[in-house]
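>
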Amino acid sequence: MSNATLKYGSPLQSFLDASFFQELCRLKLDVLKLDSRGQPLFACLDTSYAFKARNSVPLSLDERTFQSESLRSSSGVPIHGVLHNFNRFEEFKSLDKQEFVRDRATEMYDAGLKNINDCVSFHVISFADLKGYRFYYWVCVPCFQKKTFSIKVLETRRLKVAEKYQKWFEKRLDHWVALLNDQNELIPYNRQDARTCKALIVRDTCRLDNIPSALTKNFLTIFNHDSPDRDTIEAVFIRPADTSFALILSLHDLQTDGDEHLQFSGWERNTQNKLGPRGVDLSSLIDPLKIADQTVDLNLKLMKWRLVPELDLEKVKGAKALLLGSGTLGCYVARALMAWGVRKITFVDNGNVSSSNPVRQPLFEFHDVGKNKALAAAEAVKKVFPLLDAEGVELSVPMIGHPVTNEEVEAASYERLCKLFDEHDVVFLLMDSRETRWLPTVMGNATGKMIINAALGFDSYLVMRHGNYSDAQGPRLGCYFCHDVFAPKDSMRDRTLDEMCTVTRPGVALMAASQAVELFVSLLQPRTGGPNEETILGELPHQIRGFLNNFSTLKLRTPAYDHCSACCPPVVDSYKSLGWDFVRSALNDHTYIEELSGLAKVQLEAERASELWKIDDVEIDDEMYALN
Numbered sequence: 001m002s003n004a005t006l007k008y009g010s011p012l013q014s015f016l017d018a019s020f021f022q023e024l025c026r027l028k029l030d031v032l033k034l035d036s037r038g039q040p041l042f043a044c045l046d047t048s049y050a051f052k053a054r055n056s057v058p059l060s061l062d063e064r065t066f067q068s069e070s071l072r073s074s075s076g077v078p079i080h081g082v083l084h085n086f087n088r089f090e091e092f093k094s095l096d097k098q099e100f101v102r103d104r105a106t107e108m109y110d111a112g113l114k115n116i117n118d119c120v121s122f123h124v125i126s127f128a129d130l131k132g133y134r135f136y137y138w139v140c141v142p143c144f145q146k147k148t149f150s151i152k153v154l155e156t157r158r159l160k161v162a163e164k165y166q167k168w169f170e171k172r173l174d175h176w177v178a179l180l181n182d183q184n185e186l187i188p189y190n191r192q193d194a195r196t197c198k199a200l201i202v203r204d205t206c207r208l209d210n211i212p213s214a215l216t217k218n219f220l221t222i223f224n225h226d227s228p229d230r231d232t233i234e235a236v237f238i239r240p241a242d243t244s245f246a247l248i249l250s251l252h253d254l255q256t257d258g259d260e261h262l263q264f265s266g267w268e269r270n271t272q273n274k275l276g277p278r279g280v281d282l283s284s285l286i287d288p289l290k291i292a293d294q295t296v297d298l299n300l301k302l303m304k305w306r307l308v309p310e311l312d313l314e315k316v317k318g319a320k321a322l323l324l325g326s327g328t329l330g331c332y333v334a335r336a337l338m339a340w341g342v343r344k345i346t347f348v349d350n351g352n353v354s355s356s357n358p359v360r361q362p363l364f365e366f367h368d369v370g371k372n373k374a375l376a377a378a379e380a381v382k383k384v385f386p387l388l389d390a391e392g393v394e395l396s397v398p399m400i401g402h403p404v405t406n407e408e409v410e411a412a413s414y415e416r417l418c419k420l421f422d423e424h425d426v427v428f429l430l431m432d433s434r435e436t437r438w439l440p441t442v443m444g445n446a447t448g449k450m451i452i453n454a455a456l457g458f459d460s461y462l463v464m465r466h467g468n469y470s471d472a473q474g475p476r477l478g479c480y481f482c483h484d485v486f487a488p489k490d491s492m493r494d495r496t497l498d499e500m501c502t503v504t505r506p507g508v509a510l511m512a513a514s515q516a517v518e519l520f521v522s523l524l525q526p527r528t529g530g531p532n533e534e535t536i537l538g539e540l541p542h543q544i545r546g547f548l549n550n551f552s553t554l555k556l557r558t559p560a561y562d563h564c565s566a567c568c569p570p571v572v573d574s575y576k577s578l579g580w581d582f583v584r585s586a587l588n589d590h591t592y593i594e595e596l597s598g599l600a601k602v603q604l605e606a607e608r609a610s611e612l613w614k615i616d617d618v619e620i621d622d623e624m625y626a627l628n
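For the sequence shown, full-length UniProt numbering assigns the number 1 to the initial residue and increments by one for each residue that follows.
1) List the endpoints of the continuous beta strand (DSSP E) containing Cys140.
2) Phe89 by DSSP, collapsed to three states: which one?
3) So which of Glu415, Ala378 and Ala321 has the shortest CA-CA distance to Lys449?
4) Keeping to the same chain, check which residues put their C-beta closer than 7 Å to that of Gln361; ignore five residues upstream and five downstream.
5) How long is the line joining the alpha carbons of Ser121 and Arg26, rounded to whole angstroms?
6) What does DSSP give as the partner residues of Leu247 in its beta bridges?
7) Give me the residue from Arg465, Glu408 and Val77 with the minimum Cα distance to Trp580.
8) How would you label Leu180, buried or exposed, when you count the other beta carbons within 10 angstroms and need 16 or more for buried?
9) From Ser19 to Val296, what does the alpha carbon distance come to, in whole angstroms?
10) Which residue from Leu215, Gly112 and Leu200 puts its Cα closest to that of Ser10?
11) Mind checking Ser126: buried by the 16 CB within 10 Å criterion, or exposed?
12) Could you tell me whether the Cβ atoms of Ile238 and Gln166 are closer together than 8 Å?
13) Go ahead and pull the three-state DSSP assignment for Leu45.
14) Have a look at Leu300, Leu323, Ser60 and Trp305 and flag the residue whose alpha-carbon is nearest the alpha-carbon of Val316.
15) For Lys344, which beta-bridge partners are listed by DSSP?
16) According to DSSP, which residues form a beta bridge with Gly81?
17) Shortest alpha-carbon distance to Val397 belongs to which of Asp293, Arg584 and Asp484?
18) State the start and end residues of the unbroken beta strand (DSSP E) segment that holds Arg172.
19) Within 10 angstroms of the Cβ of Ser597, are there 16 or more other Cβ atoms? Answer buried if so, exposed if not.
20) Which partner residues does Trp267 have in the DSSP bridge list?
21) Which runs of the beta strand (DSSP E), 3 residues or longer, sit entirely within the region 412-494?
22) Using only alpha-carbon positions, find the residue among Lys131, Thr221 and Ala566 that is nearest to Phe144.
23) Would you mind stating whether Ser56 and Ser213 have Cβ atoms separated by less than 8 Å?
24) Would you grab the beta carbon distance between Val571 and Ile593 for me? Rounded to a whole angstrom, and I think it's under 8 Å.
25) I need the DSSP call for Lys555, collapsed to helix, strand or coil.
26) Please name the residue, chosen from Ala512, Pro58, Leu130 and Ala4, that lies closest to Phe21 on a Cα-to-Cα basis.
27) On the DSSP bridge list, what partners appear for Ala128?
28) Can you tell me whether Cys331 is helix, strand or coil according to DSSP?
29) Using a Cβ-Cβ cut-off of 7 Å (strictly less than) and excluding sequence neighbours within five positions of Leu208, which residues of its own chain qualify?
30) Assuming Ser413 and Leu430 are in contact, meaning their beta carbons sit under 8 Å apart, how far apart are those beta carbons, in whole angstroms?
31) Return the residue from the list Phe86, Asn406, Pro506 and Gln515 that minimises the CA-CA distance to Trp340.
32) Say whether the region 224-238 touches the region 262-278, bearing in mind that this needs 3 or more beta-carbon pairs closer than 8 Å, one atom from each stretch.
33) In the DSSP output, what is His261 paired with across the bridge?
34) Taking all protein chains shown into account, decide if Leu627 is buried (16 or more other Cβ within 10 angstroms of its Cβ) or exposed.
35) Residue range of the alpha helix (DSSP H) that Arg306 falls in?
36) Which stretch, first to last residue, makes up the alpha helix (DSSP H) that contains Gly112?
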């Protein structure tokens, strides 16, 4: 090899673990969004694995690479890098790769002039297809050398004893270069001693016999800049085990200064040994459940990129939803909740899937006929998203005006309902009858739970949020029963088929369910003030009434009624103090609630007023008759 031009091996061989791309997904969605600025990377080289790699030390990148703490917890050689993730694939492809490596190498050259150990770094350009879980990347380890600087090998020799040098580098993991002075002492590299040193000691990452890493170009270029008068130098390349070697090098430079005269390299070759990016499709390699957990909220997180940066998705995701009623409304509400990222949904229903249900209730199929609706719905949503915490509870909600026939069973149902209220944050009232909604409404006021109510007519619907006593802003809002002057009673007796079934235009349920869920999500968002309790998503209505006969929507805001059968203070206080005894009395006789709430007195006063109007009408008629 006498007087032969020095040859180099690959500086590093990259290996990107699947966890690296998973963390990139998370950062892109939650942190970076549209920010395409370079992100710092922190890796550690395990030089002991040099001989297990194909031709150089592996540059292993995983999820820890994004955390600076990984450098402190590792015993490897630290190396800093930068991730350049592009928002569009066209940007990734059209990047001027030569200009990119030139700029990065120039930065390394400038840094190396200040500290030779800082002229080593790596860069990763990438594009992440988050929908398909496909990633495109290209790793660059910038290497540079002056165009006018030539390096020739005068002599090659095997280093018999390298332990002294190996131990020196083991104690100084952040050093790439050292000097051997006239006293045969190893000292950190510095410009002054570089001019008189006996040898340049280099940590080498290549595994090829007697061929150093391409990073050597960086070190020798800096060395030549610091010691321009030296035309020869012994370079000792330190590797693990007994593979270290030394080269006597001839250095020749035309003394042309300036980084514009540097030549650059550094792009890694792909698996076809060509200069080009690599692609990874992780959709078939990673546990599908892990992919689903990250990608199920993709569209939601994209909202925060431009449209609603302040959107609090974690609060929505953490909310536990209780759906009382698993029919048409329950099915559509559940799908909308899943789309918003809710992870805990409990279905409650005592009915079974009938053969007429699957076409209108999207969680059910033909083979579900005969199954309990709550259990079948929970099973169905788990098929859509297996990581969803879904539970079905077969339960009859005690109904006001329906006398107790088996107190032990109904008391147990009540206790189970109380437990469900305690375990959840929001309760959706989606049942068929008014009296079924009464007890959950009372419980919602007593416990301060968020209650969202949705009810259907033939061509109309009502969606509302119940007020409760924990509201600190303004007068307490009304509930579903605040417009009634009678307590609910048994409305299910002596009904014809069209009265027993929910007869409604098929599109009404979708409209009501979607607005119920949107109202719930809006309630969880930061308030922005305004007369309508606006949030970052817009207005926060109390009631939404929709009419399909003229395709109109009406927003209403009504205060709580002082004598409401479900939310007035006497009713709520009695429930809190008496519990099941209160409920039992209401079930056996709905007039108990009318007396307690004051509705009976209101009814009596209304009757008296009506009698007075009748008397007035008679007197007016008599007077008119006399005039005639």
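All C-beta atoms, glycine included, are put in the ideal place defined by N, C-alpha and C.
Working from what's here:
1) Arg134 to Lys146
2) helix
3) Ala321
4) Gly327, Thr328 and Cys331
5) 24 Å
6) Thr156 and Ala235
7) Glu408
8) buried
9) 18 Å
10) Leu215
11) buried
12) yes
13) strand
14) Leu300
15) Lys320 and Asp389
16) Leu41 and Phe122
17) Arg584
18) Note, Arg172: premise wrong, no beta strand (DSSP E); not H, not E.
19) buried
20) Cys140
21) 426-429, 450-456 and 460-465
22) Thr221
23) yes
24) 7 Å
25) strand
26) Leu130
27) Phe135
28) helix
29) Gly9 and Asn55
30) In fact, because the Cβ distance is near 18 Å, the residues do not count as touching under 8 Å.
31) Gln515
32) no
33) Paired residue(s): none; His261 is not in a bridge.
34) Per-residue confidence for Leu627 stands at a pLDDT of 49, beneath the threshold of 50, marking its modelled position as unreliable; the derived number appears in the next sentence. That one is exposed.
35) Leu298 to Arg306
36) Lys97 to Lys114
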